[in-house]
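Scroll down for the structure; my scribbles are underneath it.
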Amino acid sequence: MPFTTGYVTTGMVAGEHLSMHREYLDGQLRVADRLSGVLLEETGRGGPSENVVAGITAVTQHSLAIGRATSRPARYCAASPSWRAASRWATATP
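According to numbering that gives the first Met the number 0, the stretch in the sequence shown is residues 0 to 93, in order.
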């Protein structure tokens with residue numbers, strides 16, 4: 000088996016890493032969906048209040064900060080030949 004190091008393979012680690020990013024993105028999509036629902040409800044009430052806009056702005060800024068923080072290691076992994084090879088192996092369908 001390629002990339003084997005003891006009991007853990009690089010492919011296993013890469014697969015776990017990709018799964019973590021997938022879960023993060025799924026969570027971000029759920030947040031965006033819920034915020035859209037809040038805005039839709041507020042539109043029915045004549046538009047969002049200042050508190051709703053402030054809350055959405057805070058959530059947006061938080062999400063952007065997390066995205067920026069995770070993009071740096073993601074760029075490193077994308078540039079690393081061993082990570083690229085491991086991710087191809089980990090995501091290959093038999």
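Ideal Cβ placement from N, Cα and C applies to all residues, glycine included.
Contacting residues, own chain, Cβ-Cβ under 6 angstroms from residue i (five flanking each side not counted)
i     : result
Val52 : none
Ala31 : none
His16 : none
8 angstroms Cβ cutoff met for residue i and residue j
i     : j     : result
Ile55 : Leu24 : no
Ser48 : Glu41 : yes
Ser62 : Gln27 : yes
CA-to-CA distance, residue j to residue i, given in whole angstroms
i     : j     : result
Thr59 : Val12 : 30 angstroms
Thr9  : His20 : 17 angstroms
Arg67 : Gly14 : 22 angstroms
Arg44 : Ala57 : 22 angstroms
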